[in-house]
Every structure is written in C-alpha cells, then in structure tokens.
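Q: For the record, in the sequence shown the residue sitting at position 7 is 7 according to the UniProt record's numbering, with numbers rising by one throughout.
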Amino acid sequence: MHKELEVMKPRCKGLWERCRVAAVVLYYRLLTSTPIRALAAEKGKSTATDTGVKEVTDGIDVIKELVLGCVGGVGVIFLAWGLLDFGTGYSAHDTTQQSQAIKKVIGGLIMVAVPAILKLLGVS
1 MHKELEVMKP RCKGLWERCR VAAVVLYYRL LTSTPIRALA AEKGKSTATD TGVKEVTDGI
61 DVIKELVLGC VGGVGVIFLA WGLLDFGTGY SAHDTTQQSQ AIKKVIGGLI MVAVPAILKL
121 LGVS
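1) What's the gap between the Cα of M111 and the Cα of G52?
2) Please name the residue, chosen from Q97, F78, H93 and F86, that lies closest to A113 on a Cα-to-Cα basis.
3) Below 8 Å on the Cβ atoms is my contact criterion, and I expect A101 with G89 to pass it. Report the Cβ-Cβ distance as a whole number of Å.
4) How far does the alpha helix (DSSP H) with D61 in it reach, from first residue to last?
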C-alpha cells in the first residue's frame, strides 16, 4: 500500500500557488475598482440652490457603480476559475470539464465587460 501512495503524484503541481496568486490579484482589483473613486469624487460637489434631487441621484449612481464593480470582480473570479478548470480538464483529457470551463470563461468575460456594454447601450 505504501508503494501505491508513492506512485500517485499530483497532476497539477503548483496549483495552490497559482490560486493564491489569483486571489491576490482579485483582491487588488476589488481595492482599486471605480466605486471607491466615485465616492471620493462625489463628496466635494454641492450647489447653493440644491433641492435634494442631486443628492438622491448621486447616491443611486454610487450604488450603481458599486454593483457594476462587484459584478466585474466576480467576473474576474469566474474567468480565473474557468481558466484553471480548463487547464485541469486539458491535462486529464476530459472534454466535459473543458466545455464547462469554457462556459465559465465566457461568462466571466461577459461579467467583466458589463459596464462597457451598458455604456454602449446608453443605459449607464
């Protein structure tokens, strides 16, 4: 039985190190996203004849930017997860896992591109 354990080697050497690097990159992405900049930029603006509508719309814009930033961050996570799954499926010659990973990658790309898509449509 001891010989069986020696023969079995992990297929994806360094997998945990790559995941750790991906987590650090995603954490940095979330820290430097646009909602933080939007909060800092909107705080100093005010007018003397303000009726309160601008404050409400500014708050809604900040919430919108926060949601779009979170969707983009989750999209980056899905993108990294899909690429990792694709590499694992490719090394194991598992076409089902490869196709599922490609779906994750495409979904992650769409989630990352949501703010740009909304700007093209004129919604944002």
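From the three backbone atoms N, C-alpha and C, an ideal C-beta is built for every residue, glycine too.
A: If we stick to the structure as given:
1) Here the question's residue 111 lines up with position 111 in the sequence shown. Here the question's residue 52 lines up with position 52 in the sequence shown. The straight-line gap from Cα to Cα measures roughly 33 Å.
2) Residue numbering aside, residue 113 sits at position 113 when the sequence shown is read from its first letter. Here the closest residue by C-alpha is F78.
3) By 1-based counting over the sequence shown, the position of residue 101 is 101. By 1-based counting over the sequence shown, the position of residue 89 is 89. Sure, about 6 Å apart at Cβ, within 8 Å.
4) As a first step, residue 61 is located in the sequence shown; it is residue number 61 there, counting from the start. It spans V53 to A92 - the alpha helix (DSSP H) in which D61 sits, taken as one unbroken run.
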